[in-house]
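Down below is the structure, laid out as structure tokens.
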DNA sequence: CAAATTTTTGACCGATTGGACAAACGTTAG
DNA sequence: CTAACGTTTGTCCAATCGGTCAAAAATTTG
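Chains as they are written, first to last, in the working numbering: chain W, 396 to 615; chain A, 396 to 615.
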């Protein structure tokens, strides 16, 4: 008799892998634990034992739901990318350009605040050369960014926005917002006990809005 | 007879550890190799064997110069921090504020271009919670940033700069410049073959200058 | 109920890890 | 030359790694 596995590799046929209630719950539990572990230790720095312990189960039990360590990481990555790019997808041609950009910045900053582990997981992957998601970067991501850069370029041509490089503008928004998730320890250490509390995201939001809209030149 | 070691732990007395010519050269070789390996794989993701091979020597030979893996990382970190904060230390009260900030941004961007491995080594450490340099962040770094933030605040009070949060301004400069080192793979993937070449740093410099000085609002 | 199936676990495996050690080798000073 | 010292390496070790497997335990199905 063939052995059965609760997990399904990503390369299998696209048909829904119909899972039992227990399988769904346990897989969810593992992914949650793995997000915690991977995001703070990186892929190679994390062990299956750590994830299993964080998920409250034995290692062989975990391997019953995900056959390989990489399968967990892959599943996590696929889910992440959808939600991670959602704010940029929402960037819309209709509406006032400055308002549109401001709310994109705000949404990205909220994601850094509410999903710091996802941000760090992504940062870890990119830092190490993106060995597992390179095709996505050159494909899906590039296409999306090019598309949005074209919209921004249109706004600039219409005189609604200062003329500048849309791609580097998007990079700057990513960098400044994700910084508050990826470099959180540093931000809190530098701000100190008094200013490093919960208010730091509102301070950041105010600052970034002013920076991106008006820059640093004094008025008048 | 006591065994001798070419390496000296950081906790030993501060006296110069007088080393032979060979020791200096080999230690330098190891640190160069370790920078390459650590910056792309993280601390836990790197092995002594990898570093030894990259340095062209056997593992026991490497361990003759650095007794533990951590000692290499620690030495690398200490050297890094000095040069890494040098641009901020240069930020000076004399001279025009906008010019001063512009050249700080340019210096940081040049460091991202010329020392990407150092940037990634630092990013790796912060991402994983800065377990090895936390005291430095709360001590030396915070002191330096507070000091420079006070200078910037002075400029703002004098009407030479738009009023905003100096700390978050420094974060934004760090984030936008280091992004081109830490997320280099992503930047190149999104820009594509034509625009992702050597010119990307000049494009970034132009964009960042405009962003920080004038923001995105259209003129007039 | 009982049979079939799914879930869980302890024991185990080969590979890799960081590091120890003594012996061999090279170099230098008297 | 030779003794002392500095350098290099092969070999080894215990711990940890990702992953297997068979059997026990729990659950679902008829």
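Note that CB positions come from ideal geometry on N, CA and C, so glycine has one too. Given the structure is predicted, the values throughout are model-derived calculations rather than measurements.
Report the residue from the options whose alpha carbon sits nearest the alpha carbon of residue i.
{"i": "residue 502 of chain A", "options": "A:521, A:457, A:489, A:478", "result": "A:478"}
{"i": "residue 525 of chain W", "options": "A:577, A:562, A:497", "result": "A:577"}
{"i": "residue 556 of chain A", "options": "A:441, A:430, A:585, A:493", "result": "A:493"}
{"i": "residue 536 of chain W", "options": "A:582, A:518, A:521, A:547", "result": "A:582"}
{"i": "residue 544 of chain A", "options": "A:601, A:568, A:530, A:421", "result": "A:568"}
{"i": "residue 523 of chain A", "options": "W:421, W:437, W:426, W:423", "result": "W:437"}
{"i": "residue 616 of chain A", "options": "A:587, A:497, A:590", "result": "The structure shown does not extend to residue 616 of chain A, since chain A spans only 396 to 615, so no value can be given for it."}
{"i": "residue 459 of chain W", "options": "W:451, W:575, W:449, W:422", "result": "W:422"}
{"i": "residue 490 of chain A", "options": "A:549, A:566, A:443", "result": "A:549"}
{"i": "residue 439 of chain A", "options": "A:482, A:565, A:599, A:519", "result": "A:519"}
{"i": "residue 385 of chain A", "options": "W:565, W:595, W:528, W:538", "result": "This structure leaves residue 385 of chain A out entirely; chain A is present only between 396 and 615."}
{"i": "residue 417 of chain A", "options": "A:432, A:457, A:449", "result": "A:457"}
{"i": "residue 507 of chain W", "options": "W:607, W:589, W:574", "result": "W:574"}
{"i": "residue 586 of chain A", "options": "W:532, W:514, W:511, W:476", "result": "W:532"}
{"i": "residue 527 of chain W", "options": "W:607, W:487, W:470, W:499", "result": "W:470"}
{"i": "residue 607 of chain A", "options": "A:504, A:472, A:500, A:486", "result": "A:500"}
{"i": "residue 599 of chain A", "options": "A:514, A:482, A:589, A:504", "result": "A:504"}
{"i": "residue 472 of chain A", "options": "A:588, A:551, A:426", "result": "A:426"}
Go ahead and label residue i buried or exposed: buried means 16 or more other beta carbons lie within 10 angstroms of its beta carbon, across all protein chains shown.
{"i": "residue 467 of chain W", "result": "buried"}
{"i": "residue 474 of chain A", "result": "exposed"}
{"i": "residue 419 of chain A", "result": "exposed"}
{"i": "residue 428 of chain A", "result": "buried"}
{"i": "residue 592 of chain W", "result": "exposed"}
{"i": "residue 572 of chain W", "result": "buried"}
{"i": "residue 642 of chain W", "result": "With chain W covering only 396 through 615, there is no way to say anything about residue 642 of chain W."}
{"i": "residue 560 of chain A", "result": "buried"}
{"i": "residue 601 of chain W", "result": "exposed"}
{"i": "residue 579 of chain W", "result": "buried"}
{"i": "residue 521 of chain W", "result": "buried"}
{"i": "residue 542 of chain W", "result": "exposed"}
{"i": "residue 538 of chain W", "result": "exposed"}
{"i": "residue 465 of chain W", "result": "exposed"}
{"i": "residue 530 of chain A", "result": "exposed"}
{"i": "residue 415 of chain W", "result": "exposed"}
{"i": "residue 484 of chain W", "result": "exposed"}
{"i": "residue 584 of chain A", "result": "buried"}
Using the Cα positions of residue i and residue j, report the straight-line distance between them to the nearest angstrom.
{"i": "residue 612 of chain W", "j": "residue 534 of chain A", "result": "31 Å"}
{"i": "residue 562 of chain A", "j": "residue 540 of chain A", "result": "7 Å"}
{"i": "residue 446 of chain A", "j": "residue 547 of chain W", "result": "45 Å"}
{"i": "residue 463 of chain A", "j": "residue 517 of chain W", "result": "30 Å"}
{"i": "residue 609 of chain W", "j": "residue 553 of chain A", "result": "18 Å"}
{"i": "residue 385 of chain A", "j": "residue 480 of chain A", "result": "Here chain A has residues from 396 to 615 only, and residue 385 of chain A is not among them."}
{"i": "residue 441 of chain W", "j": "residue 435 of chain A", "result": "16 Å"}
{"i": "residue 512 of chain A", "j": "residue 476 of chain A", "result": "13 Å"}
{"i": "residue 404 of chain A", "j": "residue 450 of chain A", "result": "Because the pLDDT at residue 404 of chain A is just 41, under 50, the model does not fix this residue reliably, and the value given afterwards should be weighed accordingly. Roughly 20 Å between the two C-alpha positions."}
{"i": "residue 509 of chain W", "j": "residue 603 of chain W", "result": "18 Å"}
{"i": "residue 396 of chain A", "j": "residue 430 of chain A", "result": "Confidence in residue 396 of chain A is poor, its pLDDT being 38 and thus under 50, which makes the residue's placement too unreliable to answer from."}
{"i": "residue 597 of chain W", "j": "residue 461 of chain W", "result": "40 Å"}
{"i": "residue 590 of chain A", "j": "residue 551 of chain W", "result": "20 Å"}
{"i": "residue 486 of chain A", "j": "residue 564 of chain A", "result": "14 Å"}
Indicate, with yes or no, if the ligand ATP has a heavy atom lying under 7 Å from the CB of residue i.
{"i": "residue 578 of chain A", "result": "Here there are no bound small molecules, and the ligand ATP is not part of this structure."}
Output needed in chain order: residues of the region 434-456 of chain A with a Cβ under 9 Å from some Cβ in chain W. 434, 435, 436, 437, 438, 439, 440, 441
Taking any Cβ of chain W, which residues in the region 532-562 of chain A have a Cβ under 7 Å from it, in chain order? 532, 533, 536, 537, 540, 554, 555, 556, 557, 559, 560, 562
Using a Cβ-Cβ cut-off of less than 7 Å, give me the residues of the region 582-595 of chain W that come near chain A, in sequence order. 582, 584, 585, 586, 587
Could you list the residues in the region 458-491 of chain A with a C-beta less than 8 Å from some C-beta on chain W, going in chain order? none
Taking only beta carbons into account, state which residues of the region 499-533 of chain W come closer than 8 Å to chain A, listed in chain order. 515, 518, 519, 521, 522, 523, 524, 525, 529, 532, 533
Please list the residues of the region 561-576 of chain W that have a C-beta atom closer than 9 Å to any C-beta atom in chain A, keeping them in chain order. 562, 563, 564, 565, 566, 567, 569, 570, 571, 572, 573, 574, 575
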